[in-house]
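Colleague:
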Amino acid sequence: MSDEARPSRTAVVIPAAGRGVRLGPGAPKALRALNGTPMLIHAVRAMAASRAVSLVVVVAPSDGAAEVKHLLDAHALPERTDYLVVPGGDTRQESVHLGLQALPEGITTVLVHDAARPLVPVDTVDAVIEAVRDGAVAVVPALPVADTVKEVEPAEKPGDPEQVVATPIRARLRAVQTPQGFDHDTLVNAHATIALTGEGATDDAGMVERLGAPVVVVPGHEEAFKVTRPLDLVLAEAVLARRRANDGF
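Heads up, the numbering used here is the position in the sequence shown plus 421, with the first residue counted as 1.
#1: Which class does Ile-435 belong to by DSSP, given the choice of helix, strand or coil?
#2: Along the beta strand (DSSP E) that carries Glu-574, what are the first and last residues, could you check?
#3: Beta-carbon within less than 8 Å of Ser-475's beta-carbon, same chain only, minus the 5 sequence neighbours each way: which residues are those?
#4: Does the beta-carbon distance from Val-478 to Leu-524 come in below 8 Å?
#5: Of the residues Leu-521, Ala-616 and Ser-471, which one's Cα is nearest the Cα of Arg-631?
#6: Starting from the Cα of Leu-461, find the closest Cα among Pro-589, Ala-481 and Ala-473 and give me that residue.
#7: Inspect the CB distances between the segment 481-499 and the segment 549-568 and report whether three or more fall short of 8 Å.
#8: Assuming the contact rule is C-beta atoms closer than 8 Å, Leu-654 and Val-660 should be a hit. Round their C-beta distance to whole Å, please.
#9: Check whether the segment 635-642 touches the segment 562-573, taking contact to mean three or more Cβ pairs, one atom from each stretch, closer than 8 Å.
#10: Going by DSSP, what residue range makes up the alpha helix (DSSP H) through Arg-513?
#11: Our contact map puts Met-628 next to His-612 with C-beta atoms below 8 Å; I'd like the distance itself, whole angstroms only.
#12: Quick check: is any heavy atom of the ligand FAD less than 7 Å from the C-beta of Val-489?
#13: Under three-state DSSP, which class holds Pro-582?
#14: Got a sec? Which residues, its chain only, sit under 8 Å from Leu-594 by beta carbon, not counting five neighbours each side?
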């Protein structure tokens with residue numbers, strides 16, 4: 422059977438086990454409501470909007486897998502896509518690893534997507550998948566950096582001034598988004614090889630880089646921003662309102 426004919430060729434892993442402390446107390450960040458619907462549901466729908474995606478694996482808080490499964494069952498999702506919920510670990514790296522272990526045979530392309538990026542357009546998802554299918558082993562969507570960036574020596578005490586040690590050339594910098602896309606075996610190898618230290622890796626492409634494998638960039642999108650702080654929720658609501666007005670979304 423050819424690659425194109427193989428079922429379940431592209432899968433997405435969404436690590437959603439974090440608490441999201443920067444949004445304040447309450448429900449885990451992924452379960453916060455956005456326009457009345459949990460952010461996680463928006464993120465799952467964004468991935469499933471791609472016709473190339475046949476499976477979405479949601480990695481839930483270890484004590485909340487049943488709740489997340491109920492959420493997925495309670496919301497309308499594309500019927501052509503399968504959904505699976507697995508309990509996660511204490512770190513993002515552990516959770517992605519557990520999601521990879523849950524993938525069935527036949528998956529050749531894996532996307533890893535932040536639940537806190539609920540509004541990524543389907544064109545971005547498709548561009549990442551296409552780049553992997555064209556031969557790239559690791560692909561990240563990214564945007565040029567608008568601000569001048571300074572590298573500093575962290576202060577010994579919070580609130581103290583920090584010494585600037587370098588100013589990177591802005592034209593060479595990119596702000597990385599998700600979904601990040603990978604050749605399945607390359608990503609599995611990275612998670613098997615890169616040791617879990619401290620809080621673990623927060624960027625799967627960075628793990629692949631440490632293996633010495635090439636990582637390429639495709640254009641990201643301004644609506645794929647990460648909802649981390651309360652102001653981001655306001656911005657996300659505004660994006661959804663504009664979509665409803667323009668597209669009847």
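Every residue gets a Cβ at the ideal spot worked out from N, C-alpha and C, and that includes glycine.
Modeller: By the coordinates alone:
#1: Here Ile-435 sits in strand by DSSP.
#2: In the DSSP annotation of this structure, the continuous segment of the beta strand (DSSP E) that includes Glu-574 starts and ends at 572-574.
#3: Cβ-Cβ distances below 8 Å link Ser-475 to Pro-428, Ser-429, Arg-430, Thr-431, Ala-432, Arg-501, Thr-502 and Asp-503 in the same chain, with the five nearest sequence neighbours on each side left out; the list follows chain order.
#4: Yes, Cβ-Cβ distance for Val-478 and Leu-524 is below 8 Å.
#5: Of all alpha-carbon atoms in Leu-521, Ala-616 and Ser-471, the one lying nearest the alpha-carbon of Arg-631 is that of Ala-616.
#6: Its Cα nearest to that of Leu-461, the residue Ala-481 stands out among Pro-589, Ala-481 and Ala-473.
#7: Output reads no: the segment 549-568 does not touch the segment 481-499.
#8: 11 Å between Cβ atoms; not a contact.
#9: Yes, the segment 635-642 touches the segment 562-573.
#10: It spans 513-522 - the alpha helix (DSSP H) in which Arg-513 sits, taken as one unbroken run.
#11: Right, the Cβ-Cβ distance comes to about 7 Å (below 8 Å), so this counts as a contact.
#12: No copy of the ligand FAD occurs in the structure displayed, which carries no ligand at all.
#13: If DSSP states are grouped into helix, strand and coil, Pro-582 belongs with coil.
#14: Pro-565, Val-566 and Val-570.
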